[in-house]
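Residue numbers (this note's numbering): 308 to 618. Built from N, CA and C at the ideal position, the CB exists for glycine as well. Computed from a predicted model, the values in this text were never measured in an experiment.
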């Protein structure tokens, strides 16, 4: 069961601030902004995948990105917008690539059980619409962050049962048979794995390496904090400091650019490999992404958002 393409803010993430507000966390705000979680003012709310794109931008040579930004009650919200090139690529995606994506989800079924001590059940249908997401408060430089990311599973034998120490990311990749293939893997794919796992604090990535027939033939665990060691001495490798510095610089640029507090006003940041980050301003356009129920709940202290809301 494939996951539908979504380019707007997802309810599970924006439910988090309203839930906090409903628990009675006050803010010393004026009449115009009413109540809301005080720590949210001045923070950046987004998805882990958007931050991953920012972290890997200094080394990206093929795919550009667009991020829509709106400020509401002092908080900056970021949401990805599908670029025309990405949309064309998605619509023209060959069956083989779709099958490889399916294999990744199927691998998770083979690796995971419903409860500790249980056995995996790979016989069920692959449903990519079911996911567990962790919502995390963090900081990058001077920027307080609230973001969410999908978590594949937990390790019952982890040193601590508390998240995110117990989290595990599952990945698949083709088998490598030469030093050159491993170098390319470390330079490109491992960079994205590091960015994804580093942001959520996931300590380990378990990779299944598949043969040309699609069968996983070997497993290898990559500790997140040791991934950089594979490219440390590679002059064409990546550097975590470069990634984090760019991400922090972009967040500062966005914070200083989006100054008007209006959920219907959208600043669209665009970037293509080799070029600068550009920005355009839009009002009441399809780029508006904050749900009406969320704006009303945060403004008028409405009850919980509707449970049947979907992305």
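Residue i classed as buried or exposed, judged by whether at least 16 other C-beta atoms fall within 10 angstroms
i           : result
residue 580 : exposed
residue 532 : exposed
residue 444 : exposed
residue 566 : exposed
residue 599 : exposed
residue 352 : buried
residue 414 : buried
residue 369 : exposed
residue 528 : exposed
residue 380 : buried
residue 558 : buried
residue 446 : exposed
residue 603 : exposed
residue 525 : exposed
Residue i versus the options, residue with shortest Cα-Cα distance
i           : options               : result
residue 458 : 451, 403, 435 and 540 : 435
residue 442 : 427, 471 and 605      : 471
residue 521 : 378, 535, 570 and 409 : 409
residue 543 : 449, 494 and 447      : 494
residue 554 : 350, 455, 365 and 420 : 365
residue 460 : 482, 589 and 504      : 504
residue 596 : 572, 604, 357 and 577 : 572
residue 519 : 350, 374, 404 and 427 : 404
residue 363 : 499, 574, 606 and 578 : 499
residue 377 : 417, 594, 428 and 392 : 594
residue 547 : 349, 347 and 359      : 359
Boundaries of the alpha helix (DSSP H) in which residue i is found, first to last residue
i           : result
residue 446 : First-last for residue 446: 439 to 447, but that is the beta strand (DSSP E), not the alpha helix (DSSP H).
residue 357 : 355 to 363
residue 409 : 402 to 418
residue 496 : No alpha helix (DSSP H) holds residue 496; DSSP gives it neither H nor E.
residue 474 : Per DSSP, residue 474 belongs to no alpha helix (DSSP H); it is in the beta strand (DSSP E), 474 to 481.
residue 391 : 391 to 398
Beta bridge counterpart(s) of residue i as assigned by DSSP
i           : result
residue 456 : 441
residue 378 : 383 and 568
residue 461 : 474
Delimiting residues of the beta strand (DSSP E) encompassing residue i
i           : result
residue 526 : 523 to 530
residue 516 : 511 to 517
residue 590 : 585 to 590
Please determine if the region 507 to 518 and the region 471 to 481 are in contact, where contact requires at least 3 C-beta pairs separated by less than 8 Å.
-> yes
Can we say the region 482 to 490 touches the region 375 to 393, given the rule of at least three CB pairs closer than 8 Å?
-> no
Can at least three beta-carbon pairs, one atom from the region 394 to 402 and one from the region 580 to 597, be found at a separation below 8 Å?
-> no
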